[in-house]
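Novice: Take a look at the following structure, please.
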Amino acid sequence: MRKSICLLAAAALLAGSLAGCSGNGGAETQGTQTTAAAGGETTAAPEAGNEETTEAAAPAGEVKKIIIGASPAPHAEILRAAGDVLAEKGYELDIKEYVDYIQPNLALESGDLDANYFQHLPYLESFNEENGTKLVSAAAIHYEPFGIYAGKTKSLEELADGATVAVPNDTSNEARALLLLEAQGLIKLKDGAGLTATKNDIVENPKNIKLYEVEAAQIPRSIDDVDVAVINGNYAIDAGLKVSDALAIEDAASIAATTYGNVVAVQEGHDKDEAVLALVEVLTSDEIKGFIEDTYAGAVVPLF
């Protein structure tokens, strides 16, 4: 599952063009590389090899490795739980944690990863279009409801005229934030704006809300400086925020909830590889569904 590309020379340009999706100025990882194995223990991972994988259990005594990139929460946590089940099938998950939305796709395209698990499909498609990459979804696993969380103002009813609202500044996530604000009656978007909405599509703004556009990962750090903030589910989890604390969340039947499922992404042509199929089978199993529901209490919702 390796192929060479010429992305390294363009890395700086890519980081700049996609700064709205970066969680740490394009920093590659948090310095953590973990291996999910039986018992859920976390150990230093060995270096990646060039091995092939099979969906069924590997031959006796042979362990096949799947190198996968993920954001720390909830994706890496879910993968560690999946690693316990995959170990029984003869697979070892080598999990590399990333704190931004750029590097895990570049690493996948270059062949440094076999798969990644951190993004929704609209972001993946946007990344491909902007960067000429050829990454595809192998399966949608879960969605994380966007929430509106209190900053200086403790309820939506108390929002004053001219209130400041923090929203993600990347294209797909900002549209999702705007749809949630519209669902709460705070703004109105022009007809048909939908999942491509931008601030220029706001046609009614009765409270004269001022949008503070900031990198998605940084919004929890800015929450005390704004009246309210619209935060991605995974970053809310990272910040210790609970769905029960949100002033409003996406409805499970909303267009955003049904569109923004987080996917396992792979290189084009590898979505049916036996190792990928084995990974997806485990991630969509009853064991992992139970883990997600028990662990995240509505902050992460299985799509299977």
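With numbering that gives the first Met the number 0 applied, the sequence shown corresponds to residues 0 to 303, in that order. For glycine and all other residues, C-beta sits at the position ideal for the given N, C-alpha and C.
Rounded to a whole number of angstroms, what is the C-alpha to C-alpha distance between residue 111 and residue 92?
Specialist: Computed Cα separation, rounded: 14 Å.
Novice: Starting from residue 102, follow the beta strand (DSSP E) in both directions and report where the run begins and ends.
Specialist: Counting along the chain, residue 102 falls outside any beta strand (DSSP E), though it belongs to the alpha helix (DSSP H) covering 102-109.
Novice: How far does the alpha helix (DSSP H) with residue 117 in it reach, from first residue to last?
Specialist: That residue, residue 117, is in no alpha helix (DSSP H); its beta strand (DSSP E) goes 114-119.
Novice: Helix or strand or just coil, what does DSSP make of residue 217?
Specialist: helix
Novice: Please work out which residues of its chain come closer than 8 Å, Cβ to Cβ, to residue 176, disregarding the five sequence neighbours upstream and downstream, and give them in chain order.
Specialist: 145, 166, 167 and 229
Novice: Extract the residue ranges of the alpha helix (DSSP H) inside the segment 117-201, only unbroken runs of 4 or more that lie entirely within it.
Specialist: 120-130 and 170-182
Novice: So, is residue 154 buried or exposed, given that buried needs 16 or more other C-beta atoms within 10 angstroms?
Specialist: Per the 10 Å Cβ criterion, exposed.
Novice: Quick check: does the Cβ of residue 194 come within less than 7 Å of any heavy atom belonging to the ligand HEM?
Specialist: No copy of the ligand HEM occurs in the structure displayed, which carries no ligand at all.
Novice: Can you grab the Cα-Cα spacing for the pair residue 178 / residue 67, in whole Å?
Specialist: 32 Å
Novice: On the DSSP bridge assignment, give the partners of residue 239 in chain order.
Specialist: DSSP output for residue 239 lists no bridge partner at all.
Novice: Drop a sphere of 10 angstroms on the beta-carbon of residue 159, count the other beta-carbons inside from all chains shown, and report buried for 16 or more, exposed for fewer.
Specialist: exposed
Novice: Assuming residue 258 contacts residue 121 (C-beta within less than 8 Å), just tell me the rounded distance between them.
Specialist: About 6 Å; that satisfies the 8 Å criterion.
Novice: Could you have a look at residue 92 and say whether DSSP puts it in helix, strand or coil?
Specialist: strand
Novice: Measure the Cβ-Cβ separation of residue 83 and residue 152 and say whether it is below 8 Å.
Specialist: no
Novice: Tell me the DSSP secondary structure of residue 267 in three-state form.
Specialist: coil
Novice: For a test of the three-state rule: what should DSSP assign to residue 227, helix, strand or coil?
Specialist: Residue 227 sits in a strand when the DSSP states are folded into three classes.
Novice: DSSP on residue 210, reduced to helix/strand/coil?
Specialist: Looking at residue 210 - three-state DSSP - the assignment turns out to be strand.
Novice: Using 10 angstroms around the beta-carbon of residue 130, count the other beta-carbons present and answer buried if the total reaches 16, otherwise exposed.
Specialist: buried
Novice: What whole-angstrom Cβ distance do residue 269 and residue 275 have, given they're in contact under 8 Å?
Specialist: 6 Å
Novice: Going by DSSP, what residues sit across from residue 63 in a beta bridge?
Specialist: 90
Novice: For residue 69, does the three-state DSSP call read helix, strand or coil?
Specialist: strand
Novice: Mind checking residue 183: buried by the 16 CB within 10 Å criterion, or exposed?
Specialist: exposed
Novice: Counting along the chain, where does the alpha helix (DSSP H) carrying residue 295 start and finish?
Specialist: Start and end: 285-295.
Novice: So, helix, strand or coil for residue 251, using DSSP?
Specialist: coil
Novice: Please say whether residue 277 and residue 105 have beta carbons closer to each other than 8 Å?
Specialist: no
Novice: Alpha carbon to alpha carbon, what distance is there between residue 236 and residue 198?
Specialist: 26 Å
Novice: Hey, quick one: how far does the alpha helix (DSSP H) through residue 98 stretch, first residue to last?
Specialist: Note, residue 98: premise wrong, no alpha helix (DSSP H); not H, not E.
Novice: With burial defined as no fewer than 16 other Cβ atoms inside 10 Å of the residue's Cβ, what is the status of residue 77: buried or exposed?
Specialist: buried
Novice: Express the C-alpha separation of residue 246 and residue 162 in angstroms, rounding to a whole number.
Specialist: Answer to the nearest angstrom: the Cα atoms are 15 Å apart.
Novice: Between which residues of its own chain and residue 299 is the CB-CB distance below 6 Å, once the five residues before and five after are set aside?
Specialist: 73, 141, 143 and 291
Novice: With a Cβ-Cβ cutoff of 8 Å, do residue 279 and residue 149 count as a contact?
Specialist: no
Novice: What number of angstroms, rounded off, separates the C-alpha of residue 202 from the C-alpha of residue 192?
Specialist: 11 Å
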